[in-house]
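Quick note on numbering: my numbering labels position 55 of the sequence shown as 994, and the sequence is numbered without any gaps. Where is the CB? At the ideal position from N, CA and C, for every residue including glycine. First up is the structure itself, then whatever we jot down about it.
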Amino acid sequence: MAVSAARARASAEEGRILVLALVYALIAVALVLTVVAASAVHLQRKRVLAIADAAAADAADAVDERAYYAPDGGVDGRGVPLSEESVRASVTAYLERSGAAAEVGGIAVGDGTGSPDGRTAVVVLVAHLAPPWSAVGPVRLGGGVDVRVSSRAVARLR
């Protein structure tokens, strides 16, 4: 009689251990997916920052054509300064030429892109970043995150 009671308890506990193992497995999978998603978004952000750095370097070489063709050859003989328009146009052209906007997806030139002092090219890019599997399945797993990165490059005027 005691043996059958012990067997009944053991068989009832086997089902509970299976449920506990499934819960732990789900927790482990959720943690792995969270870490992978955070890593993917971080790497995408670093890529957007690298694009902003390259666009700033390219924009620092851009010249203001009105000042370039001015009779005095630039402002105060210091060379041709950068302008808001030349920096913004250079960044837009760089994004189109390099295909960076299509590579990361959703990159736009942000407010603040320009040249505050005529020597520094400031590039602000805004992008929407999402984990790789955020749109998979019937339920969207998070909408992603909007990031704003900025980079500066100084033009050497001669």
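task: Quick one: give me the first and last residue of the alpha helix (DSSP H) that Ala1040 is part of.
output: Counting from one through the sequence shown, the residue named residue 1040 turns up at place 101. DSSP places Ala1040 inside the alpha helix (DSSP H), whose first and last residues are Ala1039 to Val1043.
7 Å Cβ shell around Val1062 - same chain, five flanking residues per side excluded: Against the sequence shown, residue 1062 aligns to sequence position 123. Around Val1062: Ala991, Ala994, Ala995, Ala998, Val1030, Thr1052, Ser1089 and Ser1090.
- prompt: So Ser1089 is in the beta strand (DSSP E); what residue range does that whole segment cover?
  reply: As a first step, residue 1089 must be located in the sequence shown, where it is residue number 150. Unbroken beta strand (DSSP E) run through Ser1089: Val1084 to Val1093.
message: By the DSSP assignment, the beta strand (DSSP E) with Leu1021 in it spans what residues?
response: What you label residue 1021 is simply residue 82 of the sequence shown in a count that begins at 1. Leu1021 -> no beta strand (DSSP E), and no H or E assigned at all.
- request: Answer yes or no: do Val1026 and Ala976 have a C-beta to C-beta separation smaller than 8 Å?
  value: Here residue 1026 refers to the residue found at position 87 of the sequence shown. Here residue 976 refers to the residue found at position 37 of the sequence shown. Not closer than 8 Å, so no.
field: Identity of the residues DSSP links to Val962 by a beta bridge
entry: Here residue 962 is taken as the residue at index 23 of the sequence shown, counted from 1. Note: Val962 sits in no beta bridge, so no partner.
task: Round the Cβ separation of Gly1083 and Val1065 to the nearest angstrom and send it over; I've been treating them as touching at under 8 Å.
output: If you number the sequence shown from 1, residue 1083 lands on position 144. If you number the sequence shown from 1, residue 1065 lands on position 126. The C-beta distance from Gly1083 to Val1065 rounds to 13 Å, too long to meet the 8 Å contact threshold.
Per-residue DSSP class, three states only, for Ala1060: To locate residue 1060, count along the sequence shown from 1; it is residue 121. Three-state DSSP puts Ala1060 in a strand.
message: Taking the alpha carbon of Val1093 as the reference point, which residue from Asp1000, Val958 and Ala960 has its own alpha carbon closest?
response: Indexing the sequence shown from 1 puts residue 1093 at position 154. Cα-wise, what sits closest to Val1093 is Asp1000.
Residues bridged to Ala1066 [DSSP beta-bridge criterion]: Walking along the sequence shown from the start, residue 1066 turns up at place 127. Val1086.
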